[in-house]
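For the record, the sequence lines run as chains F and D.
To convert, note that position 82 of the first sequence is 82 in UniProt numbering; the numbers rise steadily by one, no gaps.
To convert, note that position 8 of the second sequence is 8 in UniProt numbering; the numbers rise steadily by one, no gaps.
Here a beta-carbon is modelled for each residue, glycine too, at the ideal position from N, C-alpha and C.
Worksheet for the structure shown next.
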Amino acid sequence: MNGLLDGLSWLFDADNWSGPTGVGTRLVEHLWISGAAVLIACAIALPIGLWLGHLGRGGTLAINISNIGRAVPTFAILALLYMTPLALSAWTTIIALVLFGIPPILTNAYVGMREVDRDAVEAARGMGMSGPQLLRGVELPLAIPLIMGGVRLATVQIVATATLAAIISGPGLGRIITSGFGRQDTPQIVGGAIIVCLLALVVEGLMALLQRSVDPMRRTRRRRTRSDRDRGMPLIADEVVSGA
Amino acid sequence: MALSGPVHTATLTDNCLVRNDWVCGEYIRTRREDITEALGQHVTITVLSVVIGFAVALVLAVLARRLGWLRGVILGTSTALYTLPSLALFSLLLPFTGITMTTVVIGLVLYSLTILVRGILTGLDAVPDDVREAAVGMGYDGLRLLRKVELPLAVPAIFASLRVATVSTVALTTVGMIVNHGGLGNLINRGLSSNFHAEVLTASVLCVVLALIADALLLGLQRWLTPWRRTVTA
């Protein structure tokens, strides 16, 4: 356990928090890069996923994009983007993060819309609701848990992946770890790893709260939903179904 | 003087390596040993991680089914593990296992657990109760019930998760380059630091191809294990 304790004491040293390469600066970089990537990924993936789900078309694309995204190593994309004219700009990292944020959001938005109870949709149609009304008034509120599950998964993944930007000397908390490797300073490596893990867990917790609070049906449905759905890993459960 | 032309071009060969092209057959010809070695390491790390991960996940899933209170603990812990960035997880293991393949394999096993435990639990939960009761009535119990009845019926769900776990393990292995054991990730890292386009692209493409091959192999294995489903799924 000494290794971990050394890492903790590195973290508690105020000197390591200040300055342009301190934990404080890196934390701010990490948060803004991740935040920007999440917003851009949502702006791209949510409309497409919701619209495809509403129309009930493009299911193969919406489901398979997640499988393809899983097979492509983030590190490879970062390295390839770094060798383009983008080089070291913050956009290199943001583009890579957006690319990996899109699949879970798109797939979950699509699946969420498709899994809306068909009876409810039929009833709404029978009441004379138009397409957009149906989307806003019925499908969206019912699909929110799964849609937010995707956003949550993407956010957690983006915050985690932003660490890898350090390998191409990009911004973010990962730099503490890589510079620790450069200096063969194990306490710094472990200290950096601890703060990165803490951030990931905090973000996961906050996103879980957010997911719960935006669900308009949470009071009536709490007991009925599968626990897996609340835990934010609906993709796997869904693939288990489709694979079977 | 008439000779100097061809001699000159022969010494300063203009091939894709010199031009630093993205796609370069010459790279594959001249660095074949490097590539094979990296590929071998990549496959070794992936196979070890998935096999160990599957064995541990199977035990955890069976335990979670026996002891209700353990279920939440196991699922919660493995989900938390999955949120940890790979770079940080490998770094946290560093003081214990050092710059070794063990560090990478332990990290990847932990990641695969999240997916595999869920998949196995989903599969076992979906076994119909009357099937289980019929088997118990025929004298199956304990391990034999699990091995002969429950696991075969859970194969589709288990393999779905096994495929997801394998594909993401192949991709994640590249990050192992931080402790010099990243298989193809080592090549990507080396190409990155020397601005060698062909090396980075070739290793990246190989990585994706490797994931797709592994996925196809598992699908084939699943078909072979469940002959009774072949006509249904086709």
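Distance between residue j and residue i (C-alpha atoms, nearest Å)
{"i": "Gly142 of chain D", "j": "Ile102 of chain F", "result": "44 Å"}
{"i": "Trp228 of chain D", "j": "Gln222 of chain D", "result": "11 Å"}
{"i": "Gly7 of chain F", "j": "Val18 of chain D", "result": "45 Å"}
{"i": "Ala57 of chain D", "j": "Ile105 of chain F", "result": "27 Å"}
{"i": "Thr79 of chain D", "j": "Leu199 of chain F", "result": "15 Å"}
{"i": "Thr100 of chain D", "j": "His181 of chain D", "result": "7 Å"}
{"i": "Leu201 of chain F", "j": "Ile52 of chain D", "result": "25 Å"}
{"i": "Ala193 of chain F", "j": "Ser91 of chain D", "result": "6 Å"}
{"i": "Val59 of chain D", "j": "Gly19 of chain F", "result": "48 Å"}
{"i": "Gly123 of chain D", "j": "Ala198 of chain D", "result": "43 Å"}
{"i": "Ile45 of chain D", "j": "Ala120 of chain F", "result": "49 Å"}
{"i": "Leu206 of chain F", "j": "Val43 of chain D", "result": "37 Å"}
{"i": "Met148 of chain F", "j": "Gln211 of chain F", "result": "6 Å"}
{"i": "Leu217 of chain D", "j": "Leu153 of chain D", "result": "20 Å"}
{"i": "Leu81 of chain D", "j": "Leu27 of chain F", "result": "21 Å"}
{"i": "Ile35 of chain D", "j": "Ile28 of chain D", "result": "8 Å"}
{"i": "Ile48 of chain F", "j": "Gln133 of chain F", "result": "18 Å"}
{"i": "Ile168 of chain F", "j": "Glu33 of chain D", "result": "26 Å"}
{"i": "Asn15 of chain D", "j": "Leu88 of chain F", "result": "28 Å"}
{"i": "Ile195 of chain F", "j": "Thr21 of chain F", "result": "15 Å"}
{"i": "Thr186 of chain F", "j": "Gly174 of chain F", "result": "14 Å"}
{"i": "Leu135 of chain F", "j": "His54 of chain F", "result": "7 Å"}
{"i": "Ile65 of chain F", "j": "Ala160 of chain D", "result": "16 Å"}
{"i": "Thr163 of chain F", "j": "Met113 of chain F", "result": "32 Å"}
{"i": "Asn189 of chain D", "j": "Trp91 of chain F", "result": "20 Å"}
{"i": "residue 247 of chain F", "j": "Tyr82 of chain F", "result": "Because chain F is modelled from 1 through 244, residue 247 of chain F falls outside the range shown and cannot be assessed."}
{"i": "Thr30 of chain D", "j": "Gly191 of chain D", "result": "15 Å"}
{"i": "Arg222 of chain F", "j": "Ile95 of chain F", "result": "With a pLDDT of 48 at Arg222 of chain F, under the threshold of 50, the modelled position of that residue is not reliable, and the figure given next carries that caveat. Roughly 37 Å separates the two Cα atoms."}
{"i": "Leu93 of chain D", "j": "Leu110 of chain D", "result": "12 Å"}
Range covered by the alpha helix (DSSP H) that runs through residue i
{"i": "Phe96 of chain D", "result": "Ser86 to Thr97"}
{"i": "Trp51 of chain F", "result": "Val23 to Leu55"}
{"i": "His181 of chain D", "result": "Neither: His181 of chain D is in no alpha helix (DSSP H) and is coded neither H nor E."}
{"i": "Phe159 of chain D", "result": "Leu151 to Thr173"}
{"i": "Asn67 of chain F", "result": "Gly59 to Ala71"}
{"i": "Glu33 of chain D", "result": "Arg32 to Arg66"}
{"i": "Phe181 of chain F", "result": "Gly174 to Arg183"}
{"i": "Trp10 of chain F", "result": "Asn2 to Phe12"}
{"i": "Thr161 of chain F", "result": "Leu140 to Thr161"}
{"i": "Phe75 of chain F", "result": "Thr74 to Tyr82"}
{"i": "Arg212 of chain F", "result": "Thr186 to Ser213"}
{"i": "Phe100 of chain F", "result": "Ala90 to Arg114"}
{"i": "Pro132 of chain F", "result": "Gly131 to Leu134"}
{"i": "Tyr111 of chain D", "result": "Met101 to Asp125"}
{"i": "Ile213 of chain D", "result": "His197 to Leu225"}
{"i": "Leu143 of chain D", "result": "Gly142 to Leu145"}
{"i": "Gly137 of chain D", "result": "Asp129 to Gly137"}
{"i": "Gly126 of chain F", "result": "Arg118 to Gly126"}
{"i": "Cys16 of chain D", "result": "Cys16 to Arg19"}
Check whether residue i and residue j have beta carbons under 7 Å apart
{"i": "Cys197 of chain F", "j": "Ala64 of chain D", "result": "no"}
{"i": "Ile115 of chain D", "j": "Ile158 of chain D", "result": "no"}
{"i": "Asn108 of chain F", "j": "Gly69 of chain F", "result": "no"}
{"i": "Leu11 of chain F", "j": "Gly172 of chain F", "result": "no"}
{"i": "Leu184 of chain D", "j": "Ala203 of chain D", "result": "yes"}
{"i": "Ala154 of chain F", "j": "Ala41 of chain F", "result": "yes"}
{"i": "Thr84 of chain F", "j": "Ile33 of chain F", "result": "no"}
{"i": "residue 249 of chain D", "j": "Leu201 of chain D", "result": "Since the first residue of chain D shown is 1 and the last is 234, residue 249 of chain D is not available in this structure."}
{"i": "Thr161 of chain F", "j": "Leu97 of chain F", "result": "yes"}
{"i": "Ala79 of chain F", "j": "Val116 of chain F", "result": "no"}
{"i": "Thr226 of chain D", "j": "Val179 of chain D", "result": "no"}
{"i": "Thr37 of chain F", "j": "Ile177 of chain F", "result": "According to the sequence displayed, residue 37 of chain F carries Ala and not Thr. Their beta carbons are not under 7 Å apart, which means Ala37 of chain F does not touch Ile177 of chain F by this criterion."}
{"i": "Thr169 of chain D", "j": "Leu84 of chain D", "result": "no"}
{"i": "Ala126 of chain D", "j": "Val149 of chain D", "result": "no"}
{"i": "Gln188 of chain F", "j": "Gly180 of chain F", "result": "yes"}
{"i": "Leu166 of chain D", "j": "Pro73 of chain F", "result": "The identity of residue 166 of chain D in the sequence shown is Thr, whereas the question assumes Leu. Going by C-beta atoms, Thr166 of chain D is not nearer than 7 Å to Pro73 of chain F."}
{"i": "Ala71 of chain F", "j": "Val208 of chain D", "result": "yes"}
Chain-ordered neighbours of residue i on chain D, where CB pairs are closer than 7 Å
{"i": "Glu204 of chain F", "result": "Thr83"}
{"i": "Phe181 of chain F", "result": "Ile178"}
{"i": "Thr163 of chain F", "result": "Pro85, Leu87 and Ala88"}
{"i": "Ile177 of chain F", "result": "Leu87, Ala88 and Ser91"}
{"i": "Leu189 of chain F", "result": "Note that residue 189 of chain F corresponds to Ile in the displayed sequence, not to Leu. Result: Ser91 and Leu94."}
{"i": "Gly149 of chain F", "result": "Under the 7 Å cutoff, chain D gives no residues; its nearest Cβ is about 12 Å from Gly149 of chain F."}
Contact list for residue i against chain F, beta-carbon separation under 8 Å
{"i": "Ala57 of chain D", "result": "Per Cβ cutoff of 8 Å: no residues; Ala57 of chain D is ~13 Å from chain F at best."}
Listed by chain order, chain F residues near residue i by CB distance under 7 Å
{"i": "Cys207 of chain D", "result": "Pro73 and Ala76"}
{"i": "Val200 of chain D", "result": "Ala79, Leu80 and Met83"}
Partner residues on chain F for residue i, Cβ-Cβ distance less than 9 Å
{"i": "Ser49 of chain D", "result": "Here the premise fails: no neighbours, minimum Cβ distance about 15 Å."}
{"i": "Ala211 of chain D", "result": "Arg70, Ala71, Val72 and Pro73"}
{"i": "Val175 of chain D", "result": "Pro73, Thr74, Phe75, Leu164 and Ile167"}
Contact test: residue i Cβ vs the ligand ATP heavy atom, cutoff 6 Å
{"i": "Ala154 of chain D", "result": "Among the components of this structure there are no ligands whatsoever, and the ligand ATP is therefore not found."}
Listed by chain order, chain D residues near residue i by CB distance under 9 Å
{"i": "Leu81 of chain F", "result": "Those do not exist, as Leu81 of chain F stays about 10 Å from chain D at its closest Cβ, beyond 9 Å."}
Closer than 8 Å at the beta carbon, the chain D residues around residue i
{"i": "Thr186 of chain F", "result": "Leu94 and Pro95"}
{"i": "Ile168 of chain F", "result": "Leu192"}
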